[in-house]
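Under my numbering, the first residue of the sequence shown carries the number 6, and numbering increases by one thereafter. These notes concern the structure reproduced below.
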Amino acid sequence: MHCYRHPDVETGIRCTRCEKPICPECMVSASVGFQCPDCVRNGSGTGHAPHANTPRTVAGGRVVADGRLVTKILIAINLALFIAVQAAGTHLVDQLDMIGHAYNPALDEVVGVADGEWYRLITSAFLHQEAAHFVFNMLGLWVIGGIVEPELGRIRYIALCLLSGLSGSALVYLLAPENQGALGASGIVFGLIGAWVVLARRHRYDMRPVLIFVAISLVFTFARPGVSWEAHVGGLVAGALLTYAFVHAPKVRRELVQYGACGLLLLIDLGIVLARTAALT
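Here's what the structure looks like:
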């Protein structure tokens, strides 16, 4: 018998109300036995209000009906910027892409993060110029984000995406030539890939397909010219480390550990940016 929400997990427990099989991650204590998240969500007799025993994801987030809502919003933001770039041309790219420190003749000014334009660390992670690049990244965001978002919950998923994108940009800023531009949601997508690896290991899935996918992604990263490998690697490492903290945080101090991990990663990125800025100015 396998859990109705986690088909790979065997269980001997059934919901006392609807009798669906449930695993330890899904069962919610009731006055007698355990109930499944669906029955608890409907307030079906635990003796508490419907929100008192809200079903939680593996990371402690709330289980919601639309497990791709944030992913859809992120894709919409990327699409809006992609359309804006097609309409405005390279001028918008010159203003928002990730670049360390350089003179831009089109804008007739010195630009870059080192010049105080820190917003580029984030805006570049949602910016695309070529259609193929946009489609590939949005496909990855939709497929892998659709796996990760329901597992983490919306708040943790938002933190994962933003910090993965920021970490990718920070590594670009640190290691790439200061006059080399970079853009794209690859840092976020690779952050989701790192999260997927950790979640697959946490659920004890067969890791071979996952690791093969990661290996192929990294081969394309380093084999194709013009790819910002720094953004890929930075996002991958950040996503994996952050998700590990999310899913392995002890329940008694779960939010403290999770928010602390986010804060620590943010401080590391900040330190990288400050150090690189000091070196360039």
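C-beta: ideal position from N, C-alpha, C; glycine also. Remember, it's a predicted structure, so these values are computed and weren't measured experimentally.
Looking only at DSSP bridge pairs, what is residue i linked to?
i    : result
P230 : Per DSSP, none; premise fails for P230.
F39  : S34
I27  : I18
Measuring alpha carbon to alpha carbon, tell me which of the options ends up nearest residue i.
i    : options                : result
R281 : V148, L216, L126       : L126
L197 : W147, H208, G186, A187 : W147
L171 : V140, C41, G65, L271   : L271
L246 : T226, F195, T286       : F195
E30  : T21, R10, H138         : R10
D274 : A250, G239, F139, D99  : G239
G173 : I27, H237, G72, D71    : H237
G186 : A81, H106, M6, A283    : H106
E15  : T21, C23, I27          : I27
W201 : I163, A190, L241       : L241
Q100 : E122, A81, S191        : E122
T4   : A111, M32, P182, V153  : Given a span of 6 to 286 for the chain in the structure shown, any question on residue 4 remains unanswerable.
G231 : A64, A81, N83, H138    : H138
V69  : L86, I82, N47, L84     : N47
T21  : D13, R61, V45          : V45
Y108 : N184, L279, A250       : N184
F251 : A164, I193, D13, L285  : A164
R258 : L79, V90, M32, G65     : G65
L144 : Y124, G189, L180, Y162 : G189
L279 : L179, S191, G199       : L179
V140 : I104, Y124, A81, A181  : A81
V90  : H7, A136, L269         : A136
E235 : T286, G268, P182, A205 : P182
T286 : R67, A119, C8, D13     : A119
S191 : H208, I149, R207, G276 : I149
N142 : V98, L74, T226, A92    : T226
I104 : C267, R229, V177       : V177
C23  : D43, D13, P12          : D43
A111 : R61, K77, T95          : T95
F87  : G199, R73, P60, D102   : D102
Y162 : R206, A243, K25        : A243
L204 : V224, G151, I277       : G151
K25  : D13, M6, S34           : M6
Residue i by DSSP, collapsed to three states: which one?
i    : result
H11  : coil
R22  : coil
A181 : coil
I273 : helix
A187 : strand
Y264 : helix
T286 : coil
M6   : coil
K281 : The question names Lys, yet the displayed sequence has Arg at residue 281. It is helical.
R206 : helix
From the beta carbon of residue i, is the nearest beta carbon of chain C less than 8 Å away?
i    : result
L126 : Although the question refers to chain C, the structure presented lacks it and comprises just one protein chain.
Query raised in the report: Is there contact here, the stretch 213-223 with the stretch 249-267, by at least three beta-carbon pairs under 8 Å?
Result: No, the stretch 213-223 does not touch the stretch 249-267.
Requested in this report: Taking 8 Å as the threshold, find out whether the stretch 120-137 comes into contact with the stretch 24-42 through three or more Cβ pairs.
Outcome: Flag = no, the stretch 120-137 and the stretch 24-42 do not touch.
**Report entry** In chain order, each alpha helix (DSSP H) run of at least 4 residues that lies wholly inside the stretch 123-161
**Finding:** Counting only runs of 4 or more, we get 125-128, 136-157.
Report task. Could you name each continuous alpha helix (DSSP H) segment of 4 residues or more that falls completely within the stretch 50-121, going from the start of the chain to the end? Result -> If we require 4 residues or more, the alpha helix (DSSP H) runs fully inside the stretch 50-121 come out as 74-93, 95-101.
Report task. Say whether the stretch 207-214 touches the stretch 167-187, bearing in mind that this needs 3 or more beta-carbon pairs closer than 8 Å, one atom from each stretch. Result -> No: fewer than three Cβ pairs fall under 8 Å.
Report task. Give, in chain order, every unbroken run of the alpha helix (DSSP H) that is at least 4 residues long and sits entirely within the stretch 215-262. Result -> Runs found: 234-253.
Query raised in the report: On the three-pair Cβ rule with 8 Å, is the stretch 150-160 touching the stretch 102-117?
Result: By the C-beta criterion, the stretch 150-160 is judged not to be in contact with the stretch 102-117, since fewer than 3 inter-stretch pairs fall below 8 Å.
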